[in-house]
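J.:
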Amino acid sequence: MEYSAVWTVIIFSVFRVCKVHALLPIPLVILEDKVDMNAETKVSCVLPSSDCHCLEIELKIVTKEKLKNCVSHKGNYSNVTCTLDVTKEMNGMEISCEAHFKTKSKPYKLNIHTEPEFTDCPEKLVWLEGQENNFQCKAKGYPQPTVTCEKDNIIYKDGEEFTSMKNMSGVYTCRATNFDTVTKQITVSVEYEPKILGIVVQPSMSVFEGENITLTCEADAVPPPTYSWHPQTPHVAFYHDNRTIQIKEVTSAHEGFYICIAQNKHGIKTLQQKIVVGKDEVIEARTEPALQVQGNKAVKMDAISTKILALLLSSSLFVFLC
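Those letters in the sequence shown? Residues -22 to -1, 1 to 300, by mature numbering (1 follows the signal peptide of the UniProt record, and there is no 0).
(1) Does the beta-carbon distance from residue 120 to residue 165 come in below 8 Å?
(2) Taking 8 Å as the cut-off, decide whether the C-beta atoms of residue 113 and residue 2 are in contact.
(3) Within 10 angstroms of its Cβ, does residue 197 collect 16 or more other Cβ (buried), or is it exposed?
(4) When burial is assigned at 16 or more other CB atoms within 10 Å of the CB, is residue 217 buried or exposed?
(5) Check whether the segment 82 to 96 and the segment 37 to 55 are in contact - that is, three or more C-beta pairs closer than 8 Å.
(6) Could you give the residue range of the beta strand (DSSP E) that holds residue 90?
(7) Whose CA, out of 174, 47, 207 and 194, lies closest to the CA of residue 200?
(8) Would you kindly work out how many angstroms separate the C-alpha atoms of residue 264 and residue 237, rounded to a whole number?
(9) Closest to residue 163 by CA distance: which of 202, 127, 12 and 21 is it?
(10) Give the DSSP-derived three-state secondary structure of residue 17 in the structure shown.
(11) Give the straight-line distance between the Cα atoms of residue 96 and residue 104, rounded to the nearest whole angstrom.
(12) Return the first residue and the last residue of the beta strand (DSSP E) that residue 228 is part of.
(13) Quick check on DSSP: helix, strand or coil for residue 190?
(14) Please report the residue range of the beta strand (DSSP E) in which residue 79 lies.
(15) Write down the C-beta distance between residue 205 and residue 220 rounded to the nearest angstrom, noting that I regard them as a contact closer than 8 Å.
(16) Taking the continuous beta strand (DSSP E) assigned at residue 179, which residues delimit it?
(17) Please classify residue 47: does DSSP put it in a helix, a strand, or coil?
(18) Would you report the Cα separation of residue 235 and residue 207, rounded to the nearest angstrom?
(19) Mind checking whether residue 81 and residue 18 have CB atoms under 8 Å apart?
(20) For residue 211, which option in 252, 21, 202 and 35 has the closest C-alpha, if you only look at C-alpha atoms?
(21) Counting C-beta neighbours from all protein chains within 10 Å, is the total for residue 171 16 or more, i.e. buried, or is it exposed?
(22) Between the Cα of residue 6 and the Cα atoms of 23, 243, 232 and 139, which residue gives the shortest distance?
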């Protein structure tokens, strides 16, 4: 039973081969009508059918003499033409043409299941607030892994575009997954231009001459901003980071506007604060002597008499209230 099946396959294969050979065209040899001795002549080998353009065909002119200057043309009606130096001894020489057919299947890739592996996934990313960005993580493996990055339960797919915001800074976990999973940590920094939150004035924006005053500029930016001031007067002490300035023993010349300037590589912002300087007026207290009535006239009492009178009045008032 097994031998019968084998012979059936062999007979079927031979039949198919014979059928294919029966369908293949036979190449033709083409010679010039007149061939002169001691001259050159053209010899061509032509495949008369255009139905085999899907096959790889090699044409060859077969002769015992040497041919030269052979030129091949492939495509519909493939052919090859060569030059032969004719001599008297070549009379009756046989020339034939061979066609060699090559066939092959289209290529197929061998896909081997492999675990995912990150091929391009930077450890640090820097974005600019308000711009469109995406995670630049790529992975290889078979089947092709899917890549996602996650922070605070928010998942971003590979290639997904989004607008960067300040609160997106932080550490993300990126995953490449097929039948297995690999992870990688990525640190994202979202940069933005300065925003001045305010100017803190101590003790207050209104001071008297001779007092001390400090102004501190509060700004938010990534990278951190550099500070500078445009004061009303140059007699100002700057702290090491220029964020705070101090004026000692304020005078009227210090009154006016003070401008804070905060700047980084993404932009510059300014905010001004007015300082008002007042004069400290000294009020002198004077004690006038009391008046004493003598007869129909009021006369001034000396200081001692005034104090005694005040003591007696206070004692009388205490007795009355009790």
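We put the CB at the ideal spot given by N, CA and C, even for glycine. Here the structure is a predicted model, which is why all the values come from computation and not from measurement.
T.: In brief:
(1) no
(2) no
(3) Buried: at least 16 other Cβ atoms inside 10 Å.
(4) exposed
(5) no
(6) For residue 90, no beta strand (DSSP E) run applies, since DSSP gives it neither H nor E.
(7) 174
(8) Only weak support is given to the placement of residue 264: the predicted model assigns it a pLDDT of 49, under 50, and the question is left unresolved by the model.
(9) 127
(10) coil
(11) 20 Å
(12) Taken as a continuous stretch (DSSP letters only), residue 228 belongs to no beta strand (DSSP E), as it is neither H nor E.
(13) coil
(14) 74 to 80
(15) Your pair residue 205 and residue 220 checks out as a contact, with CB atoms roughly 4 Å apart and the cut at 8 Å.
(16) 159 to 180
(17) strand
(18) 11 Å
(19) no
(20) Cα-wise, what sits closest to residue 211 is 252.
(21) buried
(22) 23
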